[in-house]
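K.L.:
Have a look at this one.
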Amino acid sequence: MGEEEATPIVSPQNSKENEHKYEEQKEKVEENALALVPPIHDDKDKIFSPAPEKETDSGSQKSSGGSKDRDTALAKVESEKRLALIKAWEDNEKTKAENKAFKKLSAVGAWENTKKATVEAELRQIQEELEKKKAEYAEKMKNKMAEIHREAEEKRAMIEAKRSEDVLMVQETAAKFRSTDNLPKKFFGCFGY
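Take the sequence shown: its letters are residues 1 to 193, numbered as in full-length UniProt numbering.
This is the structure:
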């Protein structure tokens with residue numbers, strides 16, 4: 001009765017086993033309780049002869065003393081039986097509570113894993129989209145750089161063409177001045193000629 005066993009955590013699949021064990025414990029307790037009860041003799045069949053009062057008093061004291069012992073033993077057995085049943089019920093209820101908590105904890109763990117997997121999938125998708133956008137922006141920037149370079153080359157070519165045209169024009173004008181022996185007016189305009 002005083003022995004306390006550690007109640008193992010039992011999964012829901014083993015609940016039938018627990019019920020079976022509970023029933024076995026209950027039967028053992030009842031058998032033990034019945035084994036401890038002394039046999040009760042039916043005193044109705046016995047016929048008592050009248051006896052002197054003194055003997056009756058002492059006999060009644062003995063019989064009442066034995067009756068008290070038997071009543072005490074029966075009360076003790078009943079108490080032990082009741083306590084054993086309460087202990088078995090308590091162990092069963094604790095196991096049920098632990099199984100229920102285990103089941104709920106498992107459900108929370110599964111929910112957490114599902115949510116984490118969903119968030120990680122979203123994160124991977126966002127990272128892939130960012131990588132894709134980064135590649136697109138890098139391509140756009142390369143295209144812009146190429147466009148700027150092309151425009152710069154066009155402007156350089158136009159400037160070079162204009163320079164060549166201006167040099168050619170200056171050479172033609174200089175040749176004209178040489179052939180006519182005239183002096184350019186703009187060149188000496190700043191000197192006041």
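Ideal placement from N, C-alpha and C gives every residue a C-beta, glycine not left out.
#1: Determine the direct distance from the alpha carbon of residue 90 to that of residue 61, and round the result to whole angstroms.
#2: I think residue 75 touches residue 25, with their Cβ atoms under 8 angstroms apart; what is that distance to the nearest whole Å?
#3: So what does DSSP say about residue 71, is it helix, strand or coil?
#4: Whole angstroms is fine: what's the gap from residue 122's alpha carbon to residue 106's?
#5: Distance check for residue 68 and residue 86, CA to CA, integer angstroms please.
#6: Tell me the start and end of each unbroken beta strand (DSSP E) in the UniProt domain "Remorin C-terminal" (81-186) that is at least 3 residues and wholly inside, in chain order.
#7: Thinking C-beta only, is residue 168 closer than 9 angstroms to residue 177?
#8: Exposed or buried, residue 95, counting other C-beta atoms within 10 Å across all chains shown (16 or more means buried)?
#9: Do you know how far the Cα of residue 174 is from the Cα of residue 135?
#10: In whole angstroms, what is the alpha-carbon distance linking residue 104 and residue 114?
#11: Just the C-alpha distance for residue 164 and residue 171, rounded to the nearest angstrom, thanks.
#12: Please report how far the alpha carbon of residue 126 lies from the alpha carbon of residue 138, in whole angstroms.
#13: Determine the direct distance from the alpha carbon of residue 84 to that of residue 73, and round the result to whole angstroms.
P.N.:
In terms of the structure at hand:
#1: To locate residue 61, count along the sequence shown from 1; it is residue 61. To locate residue 90, count along the sequence shown from 1; it is residue 90. Residue placement at residue 61 is poorly supported in this model, since its pLDDT is 47, which falls under 50; the coordinates are not used for a value here.
#2: For the purposes of this step, residue 75 is identified with residue 75 of the sequence shown, where counting begins at 1. For the purposes of this step, residue 25 is identified with residue 25 of the sequence shown, where counting begins at 1. Contact doesn't hold; Cβ gap of about 22 angstroms is too wide.
#3: Taking the sequence shown and counting its residues from 1, one reaches residue 71 at position 71. It is helical.
#4: The count along the sequence shown starts at 1 and reaches residue 122 at position 122. The count along the sequence shown starts at 1 and reaches residue 106 at position 106. So the two alpha carbons sit approximately 24 angstroms from each other.
#5: Taking the sequence shown and counting its residues from 1, one reaches residue 86 at position 86. Taking the sequence shown and counting its residues from 1, one reaches residue 68 at position 68. Roughly 26 angstroms between the two C-alpha positions.
#6: none
#7: For the purposes of this step, residue 177 is identified with residue 177 of the sequence shown, where counting begins at 1. For the purposes of this step, residue 168 is identified with residue 168 of the sequence shown, where counting begins at 1. For residue 177 and residue 168, no; Cβs fall outside 9 angstroms.
#8: Start at 1 with the first residue of the sequence shown, and residue 95 comes out as number 95. The residue in question, residue 95, is buried, as its Cβ has 16 or more Cβ neighbours within 10 Å.
#9: In the sequence shown, residue 135 corresponds to position 135, counting from 1. In the sequence shown, residue 174 corresponds to position 174, counting from 1. Distance between residue 135 and residue 174, taken at the CA atoms: about 57 angstroms.
#10: For the purposes of this step, residue 104 is taken as the residue at position 104 of the sequence shown. For the purposes of this step, residue 114 is taken as the residue at position 114 of the sequence shown. Using only the alpha carbons, I get a separation of about 15 angstroms.
#11: Taking the first residue of the sequence shown as 1, we reach residue 164 at position 164. Taking the first residue of the sequence shown as 1, we reach residue 171 at position 171. Residue 164 and residue 171: Cα-Cα distance of roughly 10 angstroms.
#12: For the purposes of this step, residue 126 is taken as the residue at position 126 of the sequence shown. For the purposes of this step, residue 138 is taken as the residue at position 138 of the sequence shown. Spanning the two alpha carbons is a distance of roughly 18 angstroms.
#13: Within the sequence shown, numbered from 1, the residue matching residue 73 stands at position 73. Within the sequence shown, numbered from 1, the residue matching residue 84 stands at position 84. Within the model, the alpha-carbon separation for residue 73 versus residue 84 is close to 16 angstroms.
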